[in-house]
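Going by the numbering used here, the first residue of the sequence shown is number 120, and it counts up by one from there. Every residue gets a Cβ at the ideal spot worked out from N, C-alpha and C, and that includes glycine. On a predicted model such as this, the values are computed, not experimentally measured, just so you know. For reference, the structure discussed in these notes is given below.
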Amino acid sequence: MIEILSPTDLPRARDTGALVAGILQTLKSRSVVGTNLLDIDAWAQSMIMEAGAQSCYVDYEPSFGRGPFAHYICTSVNDAVLHGLPYDYRLADGDLLSLDLAVSLGGVVADSAISFIVGETQPPDSVALIDATQRALSAGIAAAGPGVHIGDISHAIGSVLGAAGYSVNTEFGGHGVGSTMHQDPHVSNTGRPGRGYRLRPGVLLALEPWVMADTATLVTDPDGWTLRSVTGCRTAHSEHTIAITDDGVEVLTMPKP
């Protein structure tokens, strides 16, 4: 199902997006050397509940997971890239951490992810991974708008990732959001322009470029959720929720300056 929000729904979508962006930035500031992933999950829970919002993850139980997820945020470290299940691990200097958060507030969902390096050590290859996903996300957003095909967005994202030298996995990508977290249309991280659903004002999309340094193949942890690179290489993931408007696109999960 592709859900079309009315113009009166957009203020609620903005509120949800601002909440998700704020929580992620707070968690990033608290994620230092020695921080436990379970503490990050507890902080996310507290901020979601204080806002009167609902987690999209706690009861999430799709066919590909060993559910329910039973946590409030995805915490993916180093070679983990998607659906990282929080566990008893303390962050080390130089770790690459990806945080992925989806929340519902006022009946509207927003979904966003950030990747960053913990501590003082900044491995150049990890910096390049993160930069590529951020640039690909910006390209996807720039390509979006009313009348644009999904394939145009996918092509823009994939062109950046490919030019940076990364292979693109097409098992998981972006998606529609609205009253629920995962909706049609699927937004692959590579594709052909001029193909797929033509966007209309009122559509919300979560665009999420992610890459692995030297492979496009994933492996699932024994926890049934965490997806890692099959080679053990590092990974990165960037995501924003956007709204298609009459005159363009609005990024709902952009952090405030």
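Check: Does the region 211-229 touch the region 287-297, meaning 3 or more C-beta pairs lie closer than 8 Å?
Finding: Touching, yes, given that three or more Cβ pairs across the two stretches are closer than 8 Å.
> For residue 309, which of 202, 325, 292 has the nearest alpha-carbon?
Replying inline: If we check each option's Cα against that of residue 309, 292 comes out closest.
- Query: How is residue 344 classed by DSSP in three states: helix, strand or coil?
  - Reply: Here DSSP, grouped into helix, strand and coil, assigns residue 344 to coil.
Item to complete: Counting only the same chain and skipping the five closest in sequence on each side, list residues whose C-beta sits under 6 Å from that of residue 259.
Response: Within the same chain, and ignoring the five residues on either side of residue 259 in sequence, the residues whose Cβ sits closer than 6 Å to its Cβ are 272, 275, 276, 326.
Does at least one heavy atom of the ligand HEM sit under 7 Å from the Cβ of residue 349? The ligand HEM is not part of this structure, which contains no ligands at all.
* Residues in its own chain within less than 7 Å of residue 270 by CB, not counting five upstream and five downstream? -> Within the same chain, Cβ atoms closer than 7 Å to the Cβ of residue 270 are found at 310, 311, 312, 313, 314, 315, the five residues on either side in sequence being excluded.
Using C-beta distances below 8 Å, list every residue in its chain close to residue 150, excluding the 5 sequence neighbours before and after it, in chain order. For residue 150, where only same-chain residues beyond five positions count, the Cβ hits under 8 Å are 159, 210, 216, 218, 235, 237.
On the DSSP letters alone, give me the boundaries of the beta strand (DSSP E) that residue 236 sits inside.
Residues 227-236.
Just the C-alpha distance for residue 195 and residue 329, rounded to the nearest angstrom, thanks. Take the alpha-carbon of residue 195 and the one of residue 329: they are about 12 Å apart.
Item to check | Per-residue burial, residue 362 [other beta carbons within 10 Å of its own, 16 or more giving buried] | outcome: With 16 or more neighbouring CB atoms inside 10 Å of its own CB, residue 362 falls in the buried class.
### Query
Does the Cβ of residue 144 have 16 or more other Cβ atoms within 10 Å, making it buried, or fewer, making it exposed?
With fewer than 16 other Cβ atoms from the protein chains shown falling within 10 Å of its own Cβ, residue 144 counts as exposed.
* **Through-space distance from residue 148 to residue 166, alpha-carbon basis** => Take the alpha-carbon of residue 166 and the one of residue 148: they are about 14 Å apart.
(request) State yes or no: is the C-beta of residue 267 within less than 8 Å of the C-beta of residue 318? (result) Here residue 267 is near residue 318, since their CB atoms are less than 8 Å apart.
Just reading off the beta strand (DSSP E) that residue 369 is part of, what are its end residues?
For residue 369, the enclosing beta strand (DSSP E) begins and ends at 367-370.
Pick out whichever of 306, 331, 366 has its Cα sitting closest to the Cα of residue 121.
-> When only C-alpha atoms are compared, the closest one is 306.
Next on the checklist: Which same chain residues end up closer than 6 Å to residue 283 when comparing Cβ atoms and leaving out the 5 residues on each side of it in sequence?
Outcome noted: 251.
Go through its chain and collect everything with a Cβ distance to residue 338's Cβ below 6 Å, but skip five positions before and after it. If the five residues before and after residue 338 are omitted, its C-beta is found closer than 6 Å to the C-beta atoms of 347, 349, all from its own chain and listed in chain order.
If you reduce the DSSP assignment to three classes, tell me which class residue 311 lands in.
If DSSP states are grouped into helix, strand and coil, residue 311 belongs with coil.
**Asked** What number of angstroms, rounded off, separates the C-alpha of residue 334 from the C-alpha of residue 227?
**Response** Distance between residue 334 and residue 227, taken at the CA atoms: about 35 Å.
- prompt: Taking buried to mean at least 16 other C-beta atoms within 10 Å of its own C-beta, is residue 290 buried or exposed?
  reply: Within a 10 Å sphere around the beta-carbon of residue 290 sit fewer than 16 other beta-carbons, which makes this residue exposed.
Inset, instruction - Classify residue 123 as buried or exposed, calling it buried when 16 or more other Cβ atoms lie within 10 Å of its own Cβ. - result: Residue 123 comes out exposed.
Review point. When the cut-off is 8 Å and only beta carbons count, does residue 283 lie next to chain D?
Key: Protein chain content of the structure displayed is limited to a single chain, and chain D is not contained in it.
task = Tell me whether residue 231 is buried or exposed, calling it buried when 16 or more other Cβ atoms sit within 10 Å of its Cβ.
result = Looking at its Cβ environment, which holds 16 or more other Cβ atoms inside 10 Å, residue 231 is buried.
query = DSSP beta-bridge partners for residue 169?
reply = Looking at the DSSP assignment, residue 169 forms no beta bridge with any residue, so it has no partner.
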